[in-house]
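Working notes, beginning with the structure itself.
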Amino acid sequence: MIKVERIKIEEFRGIRDLTVDLRSANFAVCGPNGTGKSGIVDALEFGLTGTISRLVGKGRGALSVKEHGPHVNCRTHPEKAVVTLEVSIQSLGRKATITRNVKSPKAPKITPDDPAIRAVFEHVQRHPEFSLSRREIIKYVLAEPGVRAEEVQALLQLDKLDTTRKLLLKISNAATRDLKALESERDRAATHLMGALGIAEVKAPTLLAAVNVKRAALDLPALTKLEATSSIRDGLETQSGVSAPKVPKVQARTDIANGLTLLEAIKTPETEAAWSSVVDALTALRENEAKLADMTRDGMLATALALFDEEHCPVCETEWEPAEFRAVVEAQREQLKAAAAERKRVEELIEPIVVALEGLRPTLGQLAVYARDLPAPLAFEPFAVVAKEADRRAEVLRNFLPLDDAIAALDTDWDVQPALEHMAKLSASVEALPEPTDRDAARDFLTVGQERLESWRQAMTKYAAGKAKADAAAKVHALYGTTTDKALEAIYKEVEAEFRSYYRDINGDDESEFEAQLTPSLGKLGFEVDFYGKGFFPPGAYHSEGHQDGMGLCLYLALMKHLLGDKFTFAVLDDVLMSVDAGHRREVCTLLRTKFPKTQLVLTTHDPVWLNHMKSSKLVEGKNAITFRKWHVDHGPQEWKQTDVWAEVDQLVASNEIRAAAGQLRHYLEYVAAEWCARLGGRVQYRSDGKYELGDLLPAAIGAMNELYKKAKTTAQSWGDKARVDEINGCHTAFTAAVTQSQSEQWEINPAVHFNEWANLQRQDFEPVVAAFKTLEREFECPACGDLIYVVQTGKTKEAARCGCAKVNLNLKPKPKDAAA
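Residue numbers in the sequence shown follow this note's numbering, run continuously in steps of one, and reach 822 at the last position.
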């Protein structure tokens, strides 16, 4: 995998032109909200993947990378929106550059462009999960089990498992629905067979008893057993002089009577009332038809609840009151559940109607055959028209949606009178046929019985095949579920152990015995955590929001370690650390530094205190950070750069804009004094709101530097190094002079001074103020490398004060007393 050495951003998002040296090491981006931090995050993601996640996906509306990736002033020229990354490829021991522009995001320019390097970039592109925001943390912790399983499996590149599981479930459900239709066809075939043979059940002894009576009338031997290939007409064809009429009068009478009953049933008051009640039920569902069409929206709504940041809808970014948002979403979920339950109830009402309609086709089909086979044939179309319409209505009702079509299929104005009239003609024609003799009746009985027996056998064969298919589909789905769950359980156990270890590292002071359970089951992933030995609960049940976010970070790290192992060399944590419990920030920094030493982390935060935690814990080295102070639409983010700030202050003073100059100077001094305190261990009086001002920070930084000089002199004296004592005295004297000069002018920038005082300050009054603080700032820096002086300590013991080039090197470890003796 890769590490990023440098990124150059041009006309991209809120950035006009910015180059940042990450040096293949951990890097921090700090600044108030709206100063451009996200632009760097987006640029890193775009450079490596060709997309910007905050502009694509569900809930992004009309946003797109091509339209909104370029800077607003360059939106008509996407080719000018360019991100260039210089990276080192650890596995190859090589360096490479990748450049993308928004106009052609999928066609990056790679240098050198050889297969090995391109393969590395393609691998990174397949893993966009290297970037994590606080909002994304929530989906791992608070999401419902089904949603969590999808998110985690997507991160682990296992999402195809769930896709396959859903496909197998779809196949199983389809097979079950088909089996229901085959069952109805089997039952109809059995009914027709029993009607033709005059028996009450389709069992071999009963059937053979009825058949053998008729065979005896024809002097045919009795059948002793009924096998799959047995014919009850066996021997009938060998009798000379015997020819069966085309229309068996006795059976035709029965079939016509059945057809008449079925058709007349459509027009009875009972049927019209039943159909009307179903129409009312379907009409009541109209307002929820969209919900019925996509019951998967419940998963989307559950995700929306999980991703809600207490301010904006995660789908459309509309501002909401938290309680109102949750109430609206939960109400929609309840509507979905109610609609699903109502659909099931209405489908149960529809089922007997569908069965009756499907029963018309075989009955009317047989009547059409009789009409055709009469000595004086009748038209069969009136029966075919009704049968076709019955099949159409049955299919529409089984589909259920659209509801308007289902309602139309229950129209009781269906005109079946032509078929009834034609049935009367058919009945008259059948009655005009000669009455069969006993032998003729027996022959007709066996002939029609054999036809119905074959139809029943075919229906039974289809049903058996359908049942085998449905059983196999259900078994495969269940087996796939248990097999994948078993495999996933092994993965999750490994992830669970890592997660537990990381969380204990962060919260060892009060949750050293912390436990967690990741439980996969049928496409879901349960997640429960121990709450101080009181039992296992969902993370959101009792743990604070800060602890929940810590869990999200730990789970993400555990998942990434499992997914990439040693290839986990780069990650972007976008304002993730800000939400971690404040009392455990140093532990988080230590975890990231010690457990992931080979991973380059790019961290953003709007809290300078967090930045100082990162630096003091050595998660981020001093120079590997950038702090934005403001943002301008035409210029992009502006850093807290020493040269830029002093130039800006000088320009304001030259223009006699002293009020603005004093404000700018004060803001810069607050920023840099916080850096001095962080580097030197300056003790600032605690403020519950975390808003430290210059009056809090500057005295603490000055006091810390004074203590270092004093301790360094004492140390040098203990070693008997007089020259070193004199050198330190000289440095300390210069520092004291700079402090004295700056303190004498501090009232000039004190905001407590009455407003009218500002109006009296002129250029000549404020120039000494600027000069004094420039001098003071230099006293905290190495004159050679310009690096800020910082303290090296082991535990709570300060051992030295140094700079980056070691030109400044103050020994703080006195000579041991026994050595002195």
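Glycine included, C-beta positions come from ideal geometry on N, C-alpha and C.
Please read all numbers here as calculations on a predicted model, not as lab measurements.
Just grab the DSSP bridge partners of aspartate 575 for me. Ser134 and Thr605.
With H, G and I counted as helix, E and B as strand and the rest as coil, what does DSSP make of alanine 377? In the structure shown, alanine 377 sits in coil (DSSP, three-state: anything other than H, G, I, E or B).
Spell out the partners DSSP gives aspartate 22 in its beta bridges. Aspartate 22 pairs with Arg7.
Classify tyrosine 687: buried if its beta carbon has 16 or more other beta carbons within 10 angstroms, exposed otherwise. With fewer than 16 other Cβ atoms within 10 Å, it is exposed.
Leucine 263 and threonine 364: beta carbons closer than 9 Å? Yes, the pair counts as a contact, with Cβ atoms nearer than the cut-off.
Which class does serine 65 belong to by DSSP, given the choice of helix, strand or coil? Assigned with DSSP and collapsed to three states, serine 65 falls in coil, not helix or strand.
Out of Phe13, Asp256 and His478, point me to the one whose CA is closest to glycine 450's CA. When each option's Cα is compared against that of glycine 450, the closest is Asp256.
Aspartate 115, buried or exposed, once every other Cβ within 10 Å from all chains shown has been counted against 16: With fewer than 16 Cβ atoms within 10 Å of its Cβ, aspartate 115 is classed as exposed.
Output yes or no for whether 9 Å exceeds the beta carbon distance between lysine 9 and valine 83. Against a cut-off of 9 Å, the Cβ pair of valine 83 and lysine 9 comes out as a contact.
To which residues does DSSP link cysteine 31 through a beta bridge? In DSSP, cysteine 31 forms a bridge with Thr606 and Thr628.
Looking at alanine 705: is its Cβ nearer than 9 Å to the Cβ of tryptophan 677? Yes, the Cβ-Cβ distance between alanine 705 and tryptophan 677 is below 9 Å.
At the level of alpha carbons, what is the spacing between histidine 585 and histidine 607? Roughly 18 Å separates the two Cα atoms.
Using only CA atoms, which one of Glu290, Leu666 and Asn812 lies nearest to glutamine 718? Comparing alpha-carbon positions, the option among Glu290, Leu666 and Asn812 lying closest to glutamine 718 turns out to be Asn812.
So glutamine 601 and asparagine 34 are supposed to be a Cβ contact under 8 Å. How far apart are they, rounded? Contact between glutamine 601 and asparagine 34 does not hold, since the beta-carbon distance rounds to 25 Å and is not under 8 Å.
Give me, in chain order, the residues of the same chain whose beta-carbon lies closer than 7 Å to that of phenylalanine 309; leave out the 5 immediate sequence neighbours on both sides. Excluding residues within five positions, the ones whose Cβ falls inside 7 Å are Pro315 and Phe326.
Would the stretch 436-456 count as touching the stretch 406-424 if we require 3 or more Cβ pairs under 8 Å? No, the stretch 436-456 does not touch the stretch 406-424.
Quick check on cysteine 317: buried or exposed, where buried means 16 or more other Cβ atoms within 10 Å of its Cβ? With fewer than 16 Cβ atoms within 10 Å of its Cβ, cysteine 317 is classed as exposed.
In the structure shown, what three-state DSSP assignment does arginine 76 receive? Three-state result, arginine 76: coil.
Pairing CB atoms from the stretch 718-732 with CB atoms from the stretch 693-709, are three or more of them under 8 Å? The stretch 718-732 is not in contact with the stretch 693-709.
Test item: CB-CB of valine 496 and phenylalanine 515 under 9 Å: No, they are not a contact pair.
Going by DSSP, what residues sit across from asparagine 810 in a beta bridge? Answer is Arg803, bridged to asparagine 810.
Within this structure, are the beta carbons of tyrosine 504 and methionine 552 separated by less than 9 Å? Yes, Cβ-Cβ distance for tyrosine 504 and methionine 552 is below 9 Å.
Out of Ala303, Ala282, Ala324 and Ala385, point me to the one whose CA is closest to glycine 260's CA. Considering only alpha carbons, the answer is Ala385.
Around the C-beta of histidine 633, are 16 or more other C-beta atoms found within 10 angstroms, so that it is buried, or is it exposed? By the Cβ-count criterion, histidine 633 is exposed, with fewer than 16 other Cβ atoms from all chains shown falling within 10 Å of its own Cβ.
Going by the beta-carbon positions, is the gap between aspartate 179 and lysine 470 smaller than 9 Å? Taking the C-beta atoms as reference points, lysine 470 is found nearer than 9 Å to aspartate 179.
Cβ shell of leucine 19 (< 6 Å), same chain only, five flanking positions each side left out: Correct list, in chain order: Ile10.
Sequence-distant residues of its chain with Cβ nearer than 8 Å to glutamate 186 (five each side left out): Excluding positions up to five away in sequence, the list reads Glu359, Ala460, Lys463 and Tyr464.
Is it right to say serine 456 is buried, meaning 16 or more other beta carbons lie within 10 angstroms of its own, or is it exposed? Classification for serine 456: buried.
Return the CA-CA distance between arginine 101 and alanine 291, expressed in angstroms with no decimal places. Put simply, the backbone Cα of arginine 101 is about 41 Å away from that of alanine 291.
Excluding sequence positions up to five away, which residues of its chain have a Cβ less than 7 Å from the Cβ of arginine 234? Excluding positions up to five away in sequence, the list reads Leu447, Thr448 and Gln451.
Roughly how many angstroms separate the alpha carbons of valine 646 and histidine 668, rounded to a whole number? When only Cα atoms are considered, valine 646 and histidine 668 end up about 10 Å apart.
In whole angstroms, what is the alpha-carbon distance linking glycine 15 and glutamine 333? Taking the straight line from one Cα to the other gives about 37 Å.
Glycine 48 and threonine 85: beta carbons closer than 9 Å? Taking 9 Å as the Cβ cut-off, glycine 48 and threonine 85 qualify as a contacting pair.
Contact defined as beta carbons within less than 8 Å: I believe isoleucine 3 pairs with isoleucine 90. What is the distance between those atoms, to the nearest angstrom? Contact flag correct, Cβ pair sits at about 5 Å.
Do glycine 623 and arginine 680 have their beta-carbon atoms positioned less than 9 Å apart in this structure? When the beta-carbon positions are compared, arginine 680 and glycine 623 come within less than 9 Å of each other.
When we look at the beta-carbon of threonine 716 and count the other beta-carbons within 10 Å, is it buried (16 or more) or exposed? Threonine 716 comes out buried.
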